Structure formats: structure tokens, C-alpha cells
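Each residue of the sequence shown is one higher than the one before, counting from 19 in my numbering.
The structure appears below as C-alpha cells.
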Amino acid sequence: MWKASKYASFYVFCRRNGHVHNIGASPSANGKCAVVAVETAVTLLGNSGWAPPGCFGAFVEYCDQRGRPLSPDGLTTRELRFYIKYLNDWCGSSKTSQISIRVFDDNLLGGVNGKNASEVLVKCALADGVYVCAAYSSLRVTHCFAIKVLSGDKLIYDDNNVAVEIQAYDAEWIMGIIFLRRSALYLP
């Protein structure tokens with residue numbers, strides 16, 4: 019159907035028809051919940067100096083200067099990945115570790131939607147570690163948060179929750195999961 023349309027690519031066709039979700043558009047985090055989730059995940063990994071104050075503003079400015087401004091509706095997954103690479107390049111001149119892009123690229127739980135999406139998130143088996151999850155509500159409002167898994171227990175971290183067990187987290191709003199990606203330090 020998209021080939022018969024006026025749109026040049028499948029992505030543009032899907033975007034125009036409301037099938038592409040930007041992440042990080044949560045009003046509670048000033049539209050930056052994806053950035054907050056990644057920075058929280060990195061801190062949980064013990065790499066607290068990875069994202070210095072003001073780094074997201076510098077990233078936005080960098081994107082504007084190169085002629086590719088960020089999406090006004092929230093970050094796309096591609097833009098979030100680029101943000102991680104941007105800060106990894108900055109890490110080369112500091113004493114902090116980089117985040118493994120190869121590990122982050124693996125989407126462990128994407129494309130889950132419907133009433134049982136929150137149940138799938140609660141019940142999925144995850145190895146110990148730190149993850150970043152992007153999900154959306156029935157109104158297509160997206161939110162991104164970090165999950166720390168320790169001995170099978172999942173703890174949620176976002177702008178309103180710190181170390182809340184997943185069973186106690188109000189996950190009723192989750193109608194779909196865009197991605198669940200592991201965050202890990204790069205080990206040469």
C-alpha cells in the first residue's frame with residue numbers, strides 16, 4: 019500500500035499514519051524522559067560521570083548545527099542512539115566508560131501491544147543488569163524509564179519513581195512496548 023502512496027519510504031508512510039512513536043515525550047520530564055532513563059541507567063551501572071550537566075543542551079545545539087534538529091515531539095529511537103554515541107565520543111577525553119552500542123542495539127522486547135503489554139513486561143525473564151524501556155499508553159503518550167534487575171527482582175526508575183518494584187509500579191497505562199534494551203559498559 020505504501021508503494022502506491024506519495025510517500026518516498028515506508029518509514030515516512032508509517033509516520034504520517036500514526037504508526038511511528040517518538041519516545042521521551044512525557045510531559046513530566048519536560049519531554050526528555052528518554053534522556054533521563056538512559057542517564058539513570060548509566061548511573062546505576064556505576065558510571066555517574068558519563069552525562070555531565072548541560073550535555074543534552076550541547077547535544078541539541080550540535081544537532082541543530084549539523085542541520086538535523088531533533089524531533090519536536092520527543093526523541094526517536096535513532097536520535098536516542100545518536101545521543102549515546104555523542105556522549106560516548108565525549109567519554110574518550112574523560113575518565114568515564116562508554117556505553118556499549120552493540121548491546122544497546124538489541125531490542126529484547128519490542129512490538130508488544132494490547133492490554134497484556136504490562137503483564138508481559140512484569141513476567142518476562144531478564145538477566146541481572148540495567149535496561150531502558152520505552153512504552154506507550156492508549157492515548158499514544160510515550161514514556162521511557164530504566165529497569166534494574168537484581169536476582170530476578172525488577173526495580174523501576176524514572177522521573178517519579180526510584181527503585182519501585184515492578185509489581186508496585188502503576189503499569190496499567192502501558193498499552194504497548196516500543197523497546198526494552200540492555201545498557202552495559204563497553205569492555206574493550
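Built from N, CA and C at the ideal position, the CB exists for glycine as well.
In this text the structure is predicted, and so the values were computed from the model without any measurement.
- Per DSSP, C142 lies in no alpha helix (DSSP H) segment and is marked neither H nor E.
- In the assembly as shown, D171 is an exposed residue. Its beta-carbon has fewer than 16 other beta-carbons within 10 Å.
- In the three-state scheme derived from DSSP, where H, G and I count as helix and E and B as strand, V182 is classed as strand.
- Of the candidates S169, V121, V140, V140 places its Cα closest to the Cα of Q185.
- In this structure, the beta-carbon distance from G194 to Y154 falls below 8 Å.
- Going by DSSP, L168 is part of the beta strand (DSSP E) stretching over 160 to 168.
- Looking at the backbone, the Cα of E190 and that of V182 are separated by about 15 Å.
- Nearest to Y187 by C-alpha distance, out of A164, A59, V159, is A164.
- Annotated three-state conformation of K133 is coil, per DSSP.
- For G147, the three-state secondary structure derived from DSSP is strand.
- DSSP places L173 in the uninterrupted beta strand (DSSP E) bounded by 171 to 175.
- Looking at the DSSP output, G194 bridges to N131, Y154.
- Per DSSP, the unbroken alpha helix (DSSP H) holding I119 starts and ends at 119 to 122.
- The Cβ atoms of V54 and D177 lie closer than 8 Å to each other.
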